[in-house]
Structures are given as C-alpha cells and as structure tokens.
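Notes to accompany the following structure.
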Amino acid sequence: MASFDPWLGLQAACLRRRSAQESPWYAEECLDRAAALRAYTRGACDSLGWTRAGRLEPGALADFCVLDRDPLTCPWPAEVKVLQTVVGGESQFKL
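Per my numbering, the very first residue in the sequence shown carries number 305; after that it's consecutive.
This is the structure we're talking about:
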C-alpha cells in the first residue's frame, strides 16, 4: 500500500529508492526537488484540468501551506512540519 505522505512521495521521486541502503531504481529518472514539488502541486492540478489550483498567482484559489523549513534544501528524510494551512485564501490551521 502506498503512503499518503507527500514528503515520502517527493523523496521517492528525487532519490528513486526506498532506503539509503538501496541503489536508485532507474536513477536517470530522478527528479530534482523543484520538479518533484511542481509535479505534486501544479502538475497534479493541471492533469485534472484545475487551472485555478496548484499555483500562487492572481485569480488562483490561494490554497497553500506554510512549512517550518524549505523542502527544496532540507536534508532527507525530511521531518517537515506544517505551520499553517490556507484554503481559498482563508487560514484553516495555524500552530
């Protein structure tokens, strides 16, 4: 069964392995972190035809989360914490 944890999915897309002891599976298909994050956000929404979601720009839905660290530079495995979640421009959760 696959995990719903997006950080595990991002790590898998970038490293193409389940653990540090394994060799990457098809290493030439590894994504950089920015590409993996884009695939999880804008790419997922674009694949569903959701043109107002998955991006932060004027006219978009303004769904996003504030994290305690930069997912593009933090070490793997990331223990990223969500500090705030905003949906439709309204704060839904805040630590």
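Just so it is clear, CB atoms sit at the ideal spot from N, CA and C, and this is done for glycine as well.
If the criterion is Cβ atoms closer than 8 Å, does the pair residue i and residue j meet it?
i, j, result
"residue 366", "residue 392", "yes"
"residue 319", "residue 328", "yes"
"residue 375", "residue 312", "no"
"residue 368", "residue 390", "yes"
"residue 377", "residue 358", "no"
"residue 340", "residue 317", "yes"
Below 8 Å on the Cβ atoms is my guess for residue i versus residue j; work out the distance and round it to an integer in Å.
i, j, result
"residue 387", "residue 370", "5 Å"
Using the Cα positions of residue i and residue j, report the straight-line distance between them to the nearest angstrom.
i, j, result
"residue 450", "residue 342", "Not covered by the structure: residue 450. The range shown for the chain is 305 to 399."
"residue 397", "residue 372", "14 Å"
"residue 364", "residue 349", "12 Å"
"residue 250", "residue 361", "Outside the modelled stretch of the chain, which goes from 305 to 399, sits residue 250, for which no answer is possible."
"residue 323", "residue 330", "15 Å"
"residue 337", "residue 399", "26 Å"
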